[in-house]
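Chains as they are written, first to last, in my numbering: chain L, 1 to 20; chain E, 1001 to 1359. The C-beta atom is built at its ideal place from N, Cα and C for all residues, glycine as well.
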Amino acid sequence: NVSTAEEATIICDTVAVLLA
Amino acid sequence: AAFPVLLGLFESIVCKEAMHVMQEQGLPLLYAAFDHALSCERLDADDLLLILKVFAIHGTRDGAERIVRAAQLGIASQRTMWSVILEQFDEEHPQSVFMINRLKDSLLLGTLGIAYLQRANRLAAVGAIQRHPFDTDARCRQMTAWLRDADHLRHLQAAIAVAASLPYLDQTRGRDLLALALDHHSPCVQIEAAVSTIRLGNLSARKLLIRWCSDPRYSRIAMRSLRFLGWVDAVPAGCCHPDFLATADLCQWLSQPNEYGRPPDRIELMDTRVLYWPPTDDLRQVWLFSYHYDDHECSGGVGMVGSVTCSLIGETTSDLPAADVYALHCCCELQNNGDRRAPRYRSVKAGKTLVDRYN
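Written out as structure tokens, the structure reads:
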């Protein structure tokens, strides 16, 4: 589960890298 | 390979702050990825459908617009994932009416078209939409084709959804569909058509529902329909007997689309007993039934009811002694539960050792 804003930020950054 | 895992995390958010970050930063990335995939026609259907599922779960207008666009383009319209995507659009979903209205003039095929009809039925039933999108001549032609399809397993869900839509259609337009649905070779469609007939004011179909209650193969559906109509008292007394309910349970399990897709042609009680069942650690009544399909290659098997209803298709047959079948089911349930007592490999010997230890 994603339970903090920090975790969510890491996921979004990873998605950004992956899609780039 | 990482992408589906990351997308899964968009569905597992448990705090408001994380949700805010995902929607402000994450979703725009997925919108861009989706738009890019469409513009350069590099479509990986699996990834795209997973993205659409995330959009559906988050309920944003930007996401719903992209779902509509993908549906209009008919992207992977045969995939069952479309059912999962559109199932999100219930009466609580902020974009349900938008989605239904935007797709009302598009001819949607395959699973996508069926899922759209099912959603429209649901939203019409709760009054969220005033006019059912299938209440048009073109859509009625599509629904007629679904009802007439001879390959009934392929379009069974569609035919059931058509039968359920009849109360929301213009009566002149729906009359022929109703006749077809009542005469459909699948009792599941006939039952749904009977419910629609009753909802349209003709109560004579009530006895049809009561009759289907007494057939364990269709009893569950007929009883649910009677309950839906507020006629719980009409369920025949014999349908509440534990043996009958257990038979009906297995028939329902066998009817799932990923099992046989329809109830068996014959089903017989093979064994029932009360025993201490290790997977649930309690004393309970369990049943075994042998079932048969007239036209199926594997022809039939044995199913168990009382704990986890299922049939170990290909592993158990009615030639096996009942104790051996219980033993295999015991192993299977313990394995699925991740129980420390579970044997590494399923076998009659390992299962019997476990069952005998407690009984």
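Would a check of beta-carbon distances place residue i closer than 8 Å to chain L?
i, result
"E:S1307", "no"
"E:F1003", "yes"
"E:S1096", "no"
"E:E1017", "yes"
"E:S1039", "no"
"E:S1012", "yes"
"E:Q1130", "no"
"E:V1054", "no"
"E:G1026", "yes"
"E:M1304", "no"
"E:L1009", "yes"
"E:L1029", "yes"
"E:V1021", "yes"
"E:L1050", "no"
"E:L1109", "no"
"E:L1166", "no"
"E:A1070", "no"
"E:L1354", "no"
"E:A1033", "yes"
"E:L1006", "yes"
Check each candidate in the options and name the one with the smallest Cα separation from residue i.
i, options, result
"E:C1048", "E:E1011, E:V1014 and E:P1004", "For the sequence presented, residue 1048 of chain E should be read as Leu rather than Cys. With distances taken between Cα atoms, E:L1048 lies closest to E:P1004."
"E:S1106", "E:A1124, E:I1129, E:Q1142 and E:F1089", "E:Q1142"
"E:C1213", "E:I1067, E:S1204 and E:R1224", "E:R1224"
"E:D1319", "E:E1333, E:G1303 and E:C1332", "E:G1303"
"E:A1064", "E:S1077, E:Q1078, E:Q1088 and E:A1045", "E:Q1088"
"E:Q1095", "E:I1129, E:T1309 and E:M1270", "E:I1129"
"E:W1277", "E:G1306, E:R1061 and E:A1045", "E:G1306"
"E:S1372", "E:P1236, E:A1070, E:R1154 and E:W1146", "Past the edges of chain E, shown from 1001 to 1359, lies residue 1372 of chain E, and the structure says nothing about it."
"E:E1041", "E:F1055, E:E1017, E:L1029 and E:L1073", "E:L1073"
"E:G1113", "E:S1077, E:D1090, E:D1044 and E:N1121", "E:S1077"
"E:M1270", "E:E1259, E:L1288, E:R1262 and E:P1263", "E:L1288"
"E:L1245", "E:E1091, E:F1228, E:D1215 and E:P1257", "E:D1215"
"E:P1167", "E:P1133, E:M1081 and E:N1337", "E:P1133"
"E:T1111", "E:I1313, E:R1154, E:N1121 and E:A1120", "E:R1154"
"E:G1300", "E:G1201, E:R1262 and E:D1044", "E:R1262"
"L:V100", "E:A1033, E:E1011 and E:V1021", "Because chain L in this structure spans residues 1 to 20, residue 100 of chain L falls outside the shown range and cannot be described."
"E:L1229", "E:A1001, E:C1332, E:A1045 and E:T1197", "E:T1197"
"E:I1313", "E:Y1260, E:A1124 and E:Y1358", "E:Y1260"
"E:P1363", "E:Q1171, E:R1211, E:V1068 and E:N1202", "Since the first residue shown for chain E is 1001 and the last is 1359, residue 1363 of chain E is missing from the structure and cannot be characterised."
"E:A1222", "E:N1202, E:P1242, E:A1248 and E:L1200", "E:A1248"
"E:N1359", "E:A1193, E:L1275 and E:K1349", "E:L1275"
"E:E1268", "E:A1138, E:T1317 and E:N1337", "E:T1317"
"E:W1231", "E:L1200, E:L1250 and E:K1207", "E:K1207"
"E:C1310", "E:R1079, E:E1091, E:N1258 and E:A1234", "E:N1258"
"E:V1308", "E:P1321, E:T1280 and E:E1315", "E:T1280"
"E:R1346", "E:H1036, E:G1338, E:L1328 and E:K1352", "E:L1328"
"E:G1059", "E:V1355, E:K1349, E:M1099 and E:R1341", "E:M1099"
Who pairs with residue i in a beta bridge, going by DSSP?
i, result
"E:V1288", "For the record, residue 1288 of chain E in the displayed sequence is Leu; it is not Val. According to DSSP, E:L1288 bridges with E:D1271 and E:M1304."
"E:I1013", "L:V2"
"E:C1310", "E:M1304"
Write down the C-beta distance between residue i and residue j rounded to the nearest angstrom, noting that I regard them as a contact closer than 8 Å.
i, j, result
"E:T1272", "E:Q1285", "6 Å"
"E:L1254", "E:Y1291", "6 Å"
"E:Y1293", "E:D1324", "That pair is no contact at about 23 Å."
"E:R1173", "E:D1135", "7 Å"
"E:C1140", "E:L1117", "About 12 Å; that fails the 8 Å criterion."
"E:L1007", "E:V1054", "6 Å"
"E:Q1335", "L:C12", "At roughly 38 Å, the Cβ-Cβ gap does not stay under 8 Å, so E:Q1335 and L:C12 are not in contact."
"E:A1159", "E:H1184", "6 Å"
"L:A8", "E:A1018", "4 Å"
"E:I1051", "E:L1030", "5 Å"
"E:L1226", "E:L1209", "6 Å"
"E:A1181", "E:A1163", "4 Å"
"E:C1015", "L:T4", "7 Å"
"E:R1119", "E:L1086", "5 Å"
"E:C1330", "E:V1355", "5 Å"
Is the closest heavy atom of the ligand FAD to the C-beta of residue i under 7 Å?
i, result
"E:A1076", "By its list of ligands, the structure shown contains no ligand whatsoever, and the ligand FAD lies outside what it can speak to."
Could you tell me which uninterrupted alpha helix (DSSP H) segments, each at least 4 residues in length, are contained entirely in the stretch 1027 to 1069 of chain E, listed from first to last along the chain?
1027 to 1039 and 1045 to 1058
At 4 residues or longer, and completely inside the stretch 1101 to 1137 of chain E: list those alpha helix (DSSP H) runs for me, N to C.
1110 to 1125
4-residue-minimum alpha helix (DSSP H) runs that sit fully inside the stretch 1203 to 1283 of chain E, ordered along the chain:
1206 to 1213, 1219 to 1228 and 1242 to 1254
Note down, one range per segment and in chain order, each alpha helix (DSSP H) of at least 4 residues found wholly within the stretch 1156 to 1195 of chain E.
1156 to 1165 and 1171 to 1182
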